[in-house]
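Residue numbers (our numbering): 1379 to 2135.
Written out as structure tokens, the structure is:
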């Protein structure tokens, strides 16, 4: 001791040759010197806090070591060595959790596996110290899958009666017993039914079970099903699994084990008639059940362990009398070890304080940031007033007065019929179609220009009407002229004739402002039963200057219901500036997302538009926020470059992304819609970069054939390439579809010879 601070043997501090008593939380300083007391006290406080933390770490390490010893004792009683896969995984998770705590600022204990194994072996050899461990297991599943029989196999005695022709369990009941010297309590429940019409019955049964386990919740849940009854369709048991989830909540699956009974069942034959692998059959059946539970729980990252069971007396046994499966596994110790390991890991989490959410509450799901960011970066059309030009400025061509005058000065043109065209020579047909295309191009330009002129006139008329005095000042002038008088119906000709336009423009117009349309199944054959949902749209004005647009769509199939609605509005504030607001509500998977977004657009110089936007998305009680910046530059109304970038964050997790897109339009885009697009995008999330490239080209070949080629590729080596050809006259192109069909039909008899499809 040189600086006035030292340590004596009893753990007290020595300050200026005076002993200072202290505990883990309080330190008292007594000194008679004129040394700086405040700095001295601060140094003592830091020393005491460090010792208190070290003592807390030592206690945590001792508790964790006792958990290791307890688990190794359980494994020894089940006659399993530390080399067992489950034992090794549990020990590895315990070490990994402790090391993670050390990286987060904690301290890793110095206890080792060898020491824990030695202590466990000594305690089991002595047999003097009782194992402080018990496990409560709840068993649920469909009726007739072997729940009661599995419980009898666990205890090696008949606890519940079973009958192949009668329902075994008629009420919720539990049984307590000793299994290999371990106290086990098992709760048996009534069997459930998978049919959708039986879910009311299942709900009553599950509510009864919920009341039974309210005071003493189970440590582990066994969901039992039959291995030999798996059809490969996850929708078979989906109504039952969703009823279980709605009754107990999604956390019931976070601590559940899937048990497949009748595990000695021989797997079915393969496609070629050969015997399939038992392990492959078990893996496929397990995947079906696990995937169904993931969808029911709403968590696609959930991974429930799977255990096999065979309760038949004819099952093969080993020398110790334990039942052995066809793959050589002794299933009972494996099932018990999985159940005990789940509780052991829960105890370790409570000691290391690694639980993120309180017990019994739904685990918070983080929204998929890349998906939300991609939605944010997509450009949305601005809601406009009815008298505004609805045509996209990017698609306009430079319309000169010479074009219009030239079209008006063209001589009359008579279209030929198919019979008349057939009589023309090849050169005459080319001349005829060139002239027709020339006239169509000018006519369409004239239509666009006339529509713009009409809109400007209507807007000017509306502005002049707003500038007029109010109706109160001109009441005497308007009088009866403001009363609308319906026009009489036009007389119809005796027979239909194309020269009389009365038939063409005569229709029934509904006064309902809501536009309601059905959503048809694009892959359906019969339109009578091909309805998937309904689409509703409406546009209206607020105070005659704020446009509001509402659109909603609901689709329903046998599996899920999808809802997507959008409420958008815009507000102009200055020349070339507008702000848009939108509220979206949509289903993504099994979740409902609520998004509130807004962006402001302004023209910073000629043909250059900039946009900044914000977005907030709510999922359950998690709020994600995003920001985007976009710049759009148009050159000669044919070449367009769009650059955007943004970020989305939630709970400190951030995803970045951006894209660059170049678009080139043909000179006669309004006529043939020829368009080429090249885009590059990048996404960064958790340091993982995804770079994608998109190439798309729409080319018109001749007068009636369109070719659309598209390619999407990324740095992961995945993507797709598609080529679509559409023609209104060259029907021979449709024969291309016969090649894959004939190839399929030719290979079908060969498959019939070697095995079923």
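Glycine included, C-beta positions come from ideal geometry on N, C-alpha and C.
With 16 as the cutoff for other CB atoms within 10 Å, does residue i come out buried or exposed?
i            : result
residue 1919 : exposed
residue 1552 : buried
residue 1989 : buried
residue 1644 : exposed
residue 1804 : exposed
residue 1580 : buried
residue 1969 : exposed
residue 1983 : exposed
residue 1793 : exposed
residue 1635 : buried
residue 1469 : buried
residue 1759 : exposed
residue 1506 : exposed
residue 1659 : buried
residue 1446 : buried
residue 1815 : exposed
residue 1664 : buried
residue 1459 : exposed
residue 2004 : buried
residue 1450 : buried
Can you tell me whether residue i is helix, strand or coil according to DSSP?
i            : result
residue 1644 : coil
residue 1488 : Because the pLDDT of residue 1488 is 45, which lies under 50, any placement of that residue in the model is unreliable, and the number read from its coordinates should be weighed accordingly. Of the three classes helix, strand and coil, the one that applies to residue 1488 here is coil, per DSSP.
residue 2015 : coil
residue 1631 : helix
residue 2106 : coil
residue 1787 : coil
residue 1445 : helix
residue 2061 : strand
residue 1792 : coil
residue 2097 : strand
residue 2066 : strand
residue 1511 : coil
residue 1565 : strand
residue 1896 : strand
residue 1768 : The pLDDT assigned to residue 1768 is 46, lower than 50, so where the model puts this residue is not dependable; a value taken from the coordinates is nonetheless given after this. Three-state result, residue 1768: coil.
Tell me the residue span of the alpha helix (DSSP H) that contains residue i.
i            : result
residue 1796 : 1796-1800
residue 1709 : 1709-1730
residue 1674 : 1656-1675
residue 1753 : 1747-1755
residue 1532 : 1525-1533
residue 1626 : 1616-1626
Could you give the C-beta distance for residue i and residue j, rounded to a whole number, given that I count them as a contact under 8 Å?
i            : j            : result
residue 1751 : residue 1991 : Actually they do not touch by this definition, with Cβ atoms about 12 Å apart.
residue 1567 : residue 1514 : Their Cβ separation, rounded to whole angstroms, is 13 Å, which puts residue 1567 and residue 1514 out of contact at 8 Å.
residue 2054 : residue 2042 : 5 Å
residue 1956 : residue 1947 : In fact, because the Cβ distance is near 11 Å, the residues do not count as touching under 8 Å.
residue 1911 : residue 1933 : 3 Å
residue 1941 : residue 1965 : 5 Å
residue 1335 : residue 1599 : Outside the displayed span of the chain (1379 to 2135) sits residue 1335, for which this structure offers no information.
residue 1456 : residue 1714 : 6 Å
residue 2063 : residue 1748 : 6 Å
Span of the beta strand (DSSP E) holding residue i?
i            : result
residue 1973 : 1969-1983
residue 1678 : Per DSSP, residue 1678 belongs to no beta strand (DSSP E) and is neither H nor E.
residue 2032 : 2031-2043
residue 1916 : 1909-1920
residue 1961 : 1955-1966
residue 1551 : 1551-1557
residue 1580 : Where residue 1580 is concerned, there is no enclosing beta strand (DSSP E), although the alpha helix (DSSP H) it sits in stretches over 1577-1590.
Tell me which residues share the same chain as residue i and place their Cβ nearer than 7 Å to its Cβ, disregarding the 5 neighbours each side in the sequence.
i            : result
residue 1703 : 1641, 1642, 1686, 1688 and 1709
residue 1788 : 1817
residue 1646 : 1654
residue 2093 : 2068 and 2069
residue 2124 : none
residue 2080 : none
residue 1586 : 1550
residue 1770 : Because the pLDDT at residue 1770 is just 44, under 50, the model does not fix this residue reliably, and the point stays unresolved.
Leaving out five residues on either side along the sequence, give the residues of the same chain with a beta carbon under 6 Å from the beta carbon of residue i.
i            : result
residue 1694 : 1702
residue 1678 : 1672
residue 1959 : 1947 and 1976
residue 2011 : 1986 and 2019
residue 1512 : 1561
Identify, in the order they occur along the chain, each residue of the same chain with its Cβ nearer than 8 Å to the Cβ of residue i, setting aside the five sequence neighbours on each side.
i            : result
residue 1548 : 1568
Is residue i near the ligand NAP, in the sense that its beta carbon is under 7 Å from a heavy atom of that ligand?
i            : result
residue 2039 : The ligand content of the structure shown is nil, which means the ligand NAP is not present either.
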